[in-house]
Amino acid sequence: MSLHKAVKKLYLGLILFFLYAPILVLMVFSFNASRSRGNWEGFTLDWYRVLFNDPQIARALRNTLFVGVSSTVIATTIGTLAAVGIDKLKRGSKTIVMGISRIPVMMPDIVTGLSLMVLYLFIIRTLGVGRMGMGTLLLSHVMFNVPYVILSVTPKLRQLDANLYEAALDLGATPLRAFVQVILPEIWPGVVTGAMLAFTLSIDDFMVSFFTTGAGVQNLSILIFSMARRGVQPQINALSTLMFLAILAMLFLIHWRDKRSEKRLKERMGL
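The opening residue of the sequence shown carries number 1 in this note's numbering; numbering runs sequentially from there.
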């Protein structure tokens, strides 16, 4: 092995180590018998039992999953249709709209959260109805997820043959059928990527959630923040470990599905 290749592998190994070492430490200490995060006093599963019996964490987890799944489905649908519409615009209009759609991505979360809070309070006080809560939290997550879906789907649309849709229409397909059976399968990897990104961002978000939720509605990020001020409980390590393993399993499943689809495609083409 040449020195150049060895240096590149060492560099990659160091990057992976610094990325995943904190997660591995967290996973190890989720089995620590001590409440201390600095002392190892033996192996135990007690914190997992405490986790499954904690009603506050269970409620926050339900809220997190509900908002995450709901916002992902809504944002993926809106973002995919928006990306298709933007792709049909003329070059100048497309550049302007794509630039506007990137603004929420580049905007600091604290600015997004504060601006949404001011908007919701203005609407609530002007109309005199409603209040901050699950509805505003869900709407906020949909809002900041849509641009990421657009940016994930747009590259797949650029790779698409522009004549496929017209050919489907010429063969008698309705616009909806042509989109579902011709366009959607071609851009599906981008749609899945956008959905995964939206779900991950929704699960991870704190700043926007903190400013747009109401009393009595907490997701995991807000709960962990409130617990951190008086010390993070060991059961949070257990919860984080389970969430990491669940997301890792989902990624492996999607990778396996993509590899199987690619293999089937090659078999059909006789490669």
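All C-beta atoms, glycine included, are put in the ideal place defined by N, C-alpha and C.
As the structure is a computational prediction, the values presented were derived from the model and not from experiment.
Item	Value
Selection from GLY231, ALA215, LEU61, THR154 that minimises the alpha carbon distance to GLY194	THR154
6 Å CB neighbourhood of VAL105 in its chain, flanking five on each side removed	PRO147
Bridge partners - PHE43, DSSP secondary structure assignment	ASN32
8 Å CB neighbourhood of ASP204 in its chain, flanking five on each side removed	SER221
For ASP54, three-class secondary structure by DSSP	coil
Separation of MET227 from LEU184, as counted between CA atoms	44 Å
Span separating the alpha-carbon of HIS41 from that of ALA33	Looking at the sequence itself, residue 41 is Glu, so the reference to His does not match. Straight-line Cα distance between these residues: approximately 5 Å.
Same chain only: Cβ atoms within 6 Å of VAL142, ignoring 5 sequence neighbours per side	SER71, ILE74, ALA75
Alpha carbon of ALA82 to alpha carbon of ILE150, nearest angstrom	7 Å
Secondary structure of MET132, DSSP reduced to three states	coil
Three-state class that DSSP yields for SER70 in the structure shown	helix
Buried/exposed call for THR64, threshold 16 Cβ in 10 Å	buried
Cutoff 8 Å; reference PHE225; Cβ partners in own chain excluding five residues on either side	PHE206, PHE210
C-alpha gap between PHE29 and ARG91, whole angstroms	54 Å
Within 7 Å, strictly: CB atoms of GLY99 and VAL217	no
Helix, strand or coil at THR213 [DSSP, three-state]	coil
Straight-line gap, PHE291 to LEU139 (C-alpha atoms, nearest Å)	Outside the shown range of the chain, which is 1 to 271, sits residue 291, and nothing can be said about it.
Beta-carbon spacing of LEU223, ALA60 below 7 Å	yes
Length of the line joining the Cα atoms of PRO175 and LEU169	7 Å
Cβ separation of ASP87 and LEU157, assumed to be a contact under 8 Å, to the nearest whole Å	4 Å
The ligand HEM heavy atom lying under 6 Å from the CB of ALA178	As for the ligand HEM, it is missing from this structure, which has no ligand bound.
Rounded separation between LYS9 and PRO22 - CA only	21 Å
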